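Taking it in order: structure first as structure tokens, then the write-up.
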Amino acid sequence: MTARITHWIDGKSWTGTAERTGDVFNPATGAKSGEVDLASTAVMDEAVAVAKRAGAEWAATSITKRTSIVFAFRELLNARKEELAAIITAEHGKVLSDALGEVSRGQEVVEFACGIPHLLKGGYSESVSSGVDVYSIRQPVGVVGIISPFNFPAMVPMWFFPIAIAAGNSVIIKPSEKDPSAQNFIAQLWKEAGLPDGVFNVVHGDKEAVDRILTHPDIKAVSFVGSTPIAKYIYETGTAHGKRVQALGGAKNHMLVLPDADLDLVADAAVNAGFGSAGERCMAISVLVAVEPVADETIAKIVERMATLNTGDGTRNTDMGPLVSAVHRDKVKGYIDAGVAEGAKIVVDGRDITPDADGNGFFVGPTLFDNVTPDMSIYQEEIFGPVLSVVRVKTYEEGLKLINDHMYGNGTAIFTNDGGAARRFQNEVEVGMVGVNVPIPVPMAYYSFGGWKNSLFGDTHAHGTEGVHFFTRGKVVTSRWLDPSHGGINLGFPTNG
Ligand code: NAD
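Taking the numbering used here, the leading residue of the sequence shown gets 7, the next gets one more, and so forth.
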């Protein structure tokens, strides 16, 4: 029997009948596990009306009360994270420990949002002119739309909604239709935490639902994470309709290995960051740039470690799970075929592995290419699978140029024992998030997450101070309480003195 997954609007499951539905699979077995309702424009309109009404009351609720509800949500999430991780593994395929890690990183943003009383504090200047004081306040923007990708069904929405809600907004989450259930579980936790109905809504769907978010006049801000072509479309359409938009796109993250690096550390990092979550992470390392003469030795160490990886069902004791869908598996295999055809040397071939799983799951094993060159499609395009490419260069400058010339600029890392070289790299590299001997430099919740170039459209990164600013509007008040002796008419431009 397959489950029906429907919208969560106004604090309860939607009871209507969907005109269209989408299939949901367990990627480890290939079996269909559910059907998700795909919202029409009318359903989205219903959710926006609810969010607008509930949001007005929520914005007027005291910061102390709002904070206590966010804190209660944090406690429930922490207590029930194993259940959420199991839901993620069942629909996404990533191994359970990785799903749990995803929830923990999302929880850090909830914890950051518990500090909202401090984060919303404004400035105050007394007596800027005779009897005049100036102060700044930050107010919620209203109804916020959050459109998320399949690869972090719990964490990516959590980059946004804890701050949006704590700041007094109401939200509509449009999860990926490939793994929709995590957000329904989270919706129930919010209700249990005491969040008023209608502040947190989940509307499932595809392009039709997304397009209504982008055009609805009552949605004031849109946070999007997904592939670059869609991110660009979201940014252009949303801003054309007067919304503020942050749209995070795809990635091709390079790891630059200098000759003085600790090659055991490098090999561990390359394997973890290349094949964790089957490479379906926007911060995965997909290119290792080896500054000669270290390529041969680095590759040997990586191959040694790859031989120990167990690929299979994420609920078993495995290291790497399947890809999210059959279509995506075929796309990743197509890239491996293209790499071979274009002349890269395939060192480890994951196309025909036998996974530790029952049924017909969507598996591709860890794959390693050597002698990859910048003209190849496996170098230029985001594969989003367990495929690591090694590019050999002669100098630091050549490696840096490769990274800076690439269309994506999400994450990168340098591996070296030379502090001066690392410092130069952090200054010269044109990428938003930089690791020094850290392969996946995902910023903590109190810093902001986001890339450069085609990895982000808009000016504001996710969470941290930038997240607080994105979900609030600044207002500055200039006030004068008249001294009884003050008065008179003056048509001149206001000046201070
Ligand atoms: P996707 O772009 O296919 O889908 C993302 C969202 O957009 C989903 O909710 C989907 O329903 C919706 N969507 C898809 N096609 C649409 C269309 N034509 N019109 C309107 N909406 C549409 O991305 P995905 O495959 O779910 O996720 C993987 C991608 O996300 C990768 O490119 C990855 O790099 C990227 N990603 C980026 C970050 C980051 O922080 N930069 C983080 C996670 C994932």
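Even glycine gets a Cβ: it sits at the ideal position worked out from N, Cα and C. Because the structure is a prediction, the values reported are computed rather than measured.
By the Cβ criterion, the segment 482-501 is not in contact with the segment 288-308, since fewer than three pairs of Cβ atoms, one from each stretch, lie closer than 8 angstroms.
Looking at Val482, Ser485, Lys481, Gly473, the one whose alpha-carbon comes closest to that of Val162 is Gly473.
By the neighbour-count definition (other C-beta atoms within 10 Å, threshold 16), Gly255 is a buried residue. For Phe206, the uninterrupted beta strand (DSSP E) segment begins and ends at 206-208. Apart from the 5 residues on each side of it in sequence, Ile305 sits with its Cβ closer than 7 angstroms to the Cβ of Val353, Asp376, Val396 in its chain, given in chain order. Here Thr12 is buried: its Cβ has 16 or more other Cβ atoms, across all protein chains shown, within 10 Å. Annotation: Arg311 is outside any beta strand (DSSP E); the continuous alpha helix (DSSP H) that includes it extends over 301-312. Distance check between Ile240 and each of Leu462, His260, Gly320 places Leu462 closest, using alpha-carbon atoms only. Remark: C-beta atoms of Gly36 and Gly320 do not approach each other more closely than 8 angstroms. Within the same chain, and ignoring the five residues on either side of Phe77 in sequence, the residues whose Cβ sits closer than 8 angstroms to its Cβ are Cys120. By a beta-carbon distance limit of 8 angstroms, Ile93 does not contact Ser176. Their separation comes to about 24 angstroms.
Counting the other CB atoms within 10 Å of its CB gives Asp325 a total of 16 or more, which places it among the buried residues. Inclusion of Lys180 and Ile219 in the CB contact set at 8 angstroms is warranted, their separation being smaller than that value. CA-to-CA, the gap between Met413 and Lys459 works out to about 6 angstroms. About 6 angstroms separates the Cβ atoms of Thr8 and Ser39, confirming a contact at the 8 angstroms cut-off. In this structure, the ligand NAD has a non-hydrogen atom nearer than 7 angstroms to the beta-carbon of Gly232.
Relative to the non-hydrogen atoms of the ligand NAD, the Cβ of Ser154 comes within a distance shorter than 7 angstroms of at least one. With respect to the C-alpha of Met312, the residue from Gly438, Ile291, Gly371 having the closest C-alpha is Gly371. The C-alpha of Gly415 is placed about 24 angstroms away from the C-alpha of Ala344. Not one heavy atom of the ligand NAD sits closer than 7 angstroms to the Cβ of Lys407. In the DSSP assignment, the residues bridged to Asn32 are Ala37. Its chain contains Pro202 as the residues whose beta carbon lies nearer than 7 angstroms to that of Glu63, once the 5 sequence neighbours on both sides are disregarded; these appear in chain order. Per DSSP, Val147 lies in no beta strand (DSSP E) segment and is marked neither H nor E. In this structure, the straight-line span from the alpha carbon of Gly151 to that of Gly425 is close to 42 angstroms. Secondary structure in the segment 309-395: the beta strand (DSSP E) runs of 3 residues or longer, each lying completely within the stretch, are 351-354, 373-376 in chain order. By the C-beta criterion, the segment 225-245 is judged not to be in contact with the segment 434-445, since fewer than 3 inter-stretch pairs fall below 8 angstroms. In its chain, beyond the 5 residues on either side, Gln113 have a beta carbon closer than 8 angstroms to the beta carbon of Asn84.
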